[in-house]
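Protein chains in written order, with this note's numbering: chain A, 1 to 434; chain B, 1001 to 1150.
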């Protein structure tokens, strides 16, 4: 009874359930389960679900996720976001638009200890926005730089999205993290280029601040050296293969405990809050992964990816055209689905098509994460925009969107660069591997 | 936070600390020539406990990811109905997963599954995971019966 039509029907029902507000994990899993019951029978479907749930809960590689989340919570409690922004502001604040550069740099720094766009935008926003507005920065530039900069949290390792992709697509999380380093850095540089252009054209949007002395800069650096050391150990350790991602996450969490303890921020109340947040976010992601794995079995049983792949090949678009078509599809779907749903719905379907277009799953993981990030800053979803509005309540959402538009343009350029130059993604893991 | 919920958070937190400590000692041990035997199996057990509790914690706090685009634009009455429908669908999914997992656990109970290196008793781990799934199911059913907007 399995056929691509059944698979397509499943996808349509899934979209309907997602738009009705059903939990993403439950929607994926339920459609997958019912689909498997229809195609294979009730008993194999239930057994498969039972196997998947225990596999996920005992997956050693998945231990990476809660431990990185714990590390982020502990660093957050240790005031990491304020210190990272302060250090960047001391070095860049005297330049025109300097605090906007510092906000982007702070987001990139916070992205290295936390894998979420929303958390990065919210925490750096709480620190950077009041400072920028106090110094006379335009609302558009201030909110736009933090909303866009927040998406760096998702790309710069450790990234929650890349861990989930690695599990779903059965790819090395370490290689994905290494592959994300250059795209993360180029994304940050493009955002800085946008700020440079904006303040060249409209200098009044980002006034200069007083120059910090080298003594002040030294003090600011002294407050973050321990975090930089931990981050270098964690990301460097994974990149050179010294530790596995799970071990790196454990070392990161241990380091975060030590940093919080040295800063006298460790208390029972803080620990309970960190544990509760870590467990709640882990539970959210675990349910989604369980559902997505069941859904992906259903999709592959129906032969839908092969049929879609054949249809795309029949269009004779070539490799570049196929990837552009996929990018357009992801951006379109990303405007109605949240990032996680987009990734989990499209990975099992698009991965074979991307493979046929000559790209590797590692490249696709980075590309998909980049496309997901764009969904965070454009309406109607644009979660980062709403997060920033939560921080700067008096700034209307259309002003925030206006501010983010130049960054959104740079996002499209970056996505195009990733398609045109796959080496941006694949060179570093290949070089380190050799 | 109720005492029960607080206890759950501390147990989950203890499992996270255990996983952190085991993997950290494993790395240090490897570097100084004292490898920690069975570290992966220990982490797997700790991650199962933390993950099982995490499923309950996310359900209790209603932290599960949803797409709110259309739901936010519905009338309050409609949102209420849609919310109940979504809770029931989630309960159905959890019930199916629990049924499959419990089925396997019952089949494998008499074989006294142990991990290869240090003998982690997997049947008790499966039991813990199934109990957690059952608790999450009860939480979702309670939400459905009480009725809450999507």
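Think of the CB as a built atom: it goes at the ideal place given N, C-alpha and C, for glycine as much as any other residue.
Since we're looking at a predicted model, the values are computed, not measured.
Item	Value
Beta-carbon gap between residue 1111 of chain B and residue 1130 of chain B smaller than 8 Å	no
The segment 347-357 of chain A in contact with the segment 309-317 of chain A per 3-pair CB rule at 8 Å	yes
Spatial distance of residue 155 of chain A from residue 366 of chain A (CA atoms)	8 Å
Chain-order list of residues whose beta-carbon lies under 7 Å from that of residue 1090 of chain B (same chain, five-residue window excluded)	1140
Chain A within 8 Å of residue 1032 of chain B, Cβ atoms only	no
Contact with chain B by residue 48 of chain A, beta-carbon distance below 8 Å	yes
For residue 1114 of chain B: DSSP bridge partner residues	B:1121
Straight-line gap, residue 417 of chain A to residue 184 of chain A (C-alpha atoms, nearest Å)	13 Å
Buried/exposed call for residue 349 of chain A, threshold 16 Cβ in 10 Å	buried
First through last residue of the alpha helix (DSSP H) which encompasses residue 191 of chain A	173-201
Beta-carbon contacts of residue 197 of chain A that lie in its chain and below 8 Å, excluding the five residues immediately before and after	406
Candidates A:372, A:385, A:369, A:291, of which the one nearest residue 33 of chain A by Cα	A:291
Residue 384 of chain A: first and last residue of the uninterrupted alpha helix (DSSP H) it sits in	383-391
Beta carbon proximity, residue 1084 of chain B to chain A, threshold 8 Å	no
8 Å contact criterion, which residue 1058 of chain B and residue 1064 of chain B should meet: CB distance rounded	6 Å
Whole runs of the alpha helix (DSSP H) within the segment 67-138 of chain A, excluding any shorter than 4 residues	80-92, 98-111, 117-134
Chain A within 8 Å of residue 1078 of chain B, Cβ atoms only	no
Among A:383, A:170, A:296, the one whose alpha carbon lies nearest that of residue 335 of chain A	A:383
Under the three-state DSSP convention, the category residue 1033 of chain B falls into	coil
Closer than 8 Å at the beta carbon, the chain B residues around residue 66 of chain A	1016, 1019, 1047, 1050, 1051, 1054
For residue 376 of chain A, the nearest candidate out of A:212, A:325, A:331 (CA to CA)	A:331
Touching by the beta-carbon criterion (3+ pairs, under 8 Å), the segment 36-53 of chain A and the segment 233-252 of chain A	no
Distance between residue 1035 of chain B and residue 1066 of chain B (C-alpha atoms, nearest Å)	43 Å
4 or more residues per run - each alpha helix (DSSP H) lying fully within the segment 351-384 of chain A	361-377
Contacting positions in the segment 1090-1112 of chain B - beta carbon closer than 7 Å to chain A	1090, 1092, 1093, 1096, 1097, 1099, 1100, 1101, 1103, 1104
Own chain, CB closer than 7 Å to residue 192 of chain A, minus 5 neighbours either side, in chain order	101, 104
Residue 1118 of chain B vs residue 1041 of chain B beta-carbon contact at 8 Å	yes
Residue 282 of chain A, enclosing alpha helix (DSSP H) - first and last residue	268-302
Limits of the unbroken alpha helix (DSSP H) element including residue 235 of chain A	214-239
CA-to-CA distance, residue 1103 of chain B to residue 107 of chain A, given in whole angstroms	47 Å
Residue 999 of chain B, buried or exposed, once every other Cβ within 10 Å from all chains shown has been counted against 16	No statement about residue 999 of chain B is possible, as the shown extent of chain B runs from 1001 to 1150 and does not include it.
Residue 1092 of chain B versus residue 1022 of chain B: straight-line alpha-carbon distance, rounded	37 Å
Range covered by the alpha helix (DSSP H) that runs through residue 1044 of chain B	1039-1060
Buried or exposed (CB count within 10 angstroms, at least 16 for buried), residue 1032 of chain B	exposed
Cβ-Cβ separation, residue 144 of chain A to residue 430 of chain A (assumed contact under 8 Å), whole Å	No, residue 430 of chain A and residue 144 of chain A are not in contact; Cβ-Cβ is about 35 Å, not under 8 Å.
Residue 398 of chain A burial status per 10 Å Cβ neighbour count (16 or more: buried)	exposed
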